[in-house]
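Since the structure comes first, as structure tokens, the remarks are kept for the end.
Residue numbers (this note's numbering): 32 to 204.
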């Protein structure tokens with residue numbers, strides 16, 4: 032199996048995410064997104080992928096603990112979340128996964144806001160996470176794509192595009 036496949040060789044990943052065994056959704060927004068990714072992989076590609084997520088606080092009754100779902104020990108894990116703001120949640124997830132001997136292989140986010148980490152830093156939070164954790168980070172949509180959509184869409188007036196453009200001019204990379 033090459034490094035650009037999901038679990039089955041005929042289902043290729045064209046975005047640079049290596050093969051993975053488990054989708055991990057960090058609490059809270061990543062939980063529903065991770066479940067949706069697993070459902071979509073099966074529905075669209077007939078790829079069965081395991082799923083897990085974490086709680087913000089450990090549960091001391093029932094099944095207990097911080098982690099819920101399939102065991103990730105020794106497995107290749109794709110982290111799925113909505114956005115990366117500063118990268119804190121992704122870094123915490125990465126560290127948590129490494130502590131249990133899981134192998135984080137990539138991050139998929141819904142939106143790359145293409146923001147600088149600070150006004151003095153030329154890197155975006157997404158670029159910094161990819162560099163610091165040495166894993167690929169891909170997004171479904173990036174802010175420049177959203178701007179292009181707003182330019183062409185009759186559903187939004189020019190004021191929305193103006194706001195997004197001003198935001199990107201001030202905070203974007």
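A virtual CB, placed ideally from N, CA and C, is assigned to each residue, including glycine.
Under DSSP, residue 147 shares a beta bridge with 155.
With at least 16 other beta carbons inside 10 angstroms of its own, residue 48 counts as buried. In the three-state reduction of the DSSP assignment, residue 141 falls in the strand class. The alpha carbon of residue 108 has as its nearest neighbour, out of 57, 175 and 182, the alpha carbon of 57.
Fewer than three Cβ pairs drawn from the region 97-111 and the region 143-163 lie within less than 8 Å of each other, which leaves the two stretches out of contact. Annotated as proximal: residue 181 and residue 192, with beta-carbon spacing under 8 Å.
Between the region 146-153 and the region 124-134 there are fewer than three C-beta pairs closer than 8 Å, too few to call the two in contact. When only Cα atoms are considered, residue 201 and residue 77 end up about 43 Å apart.
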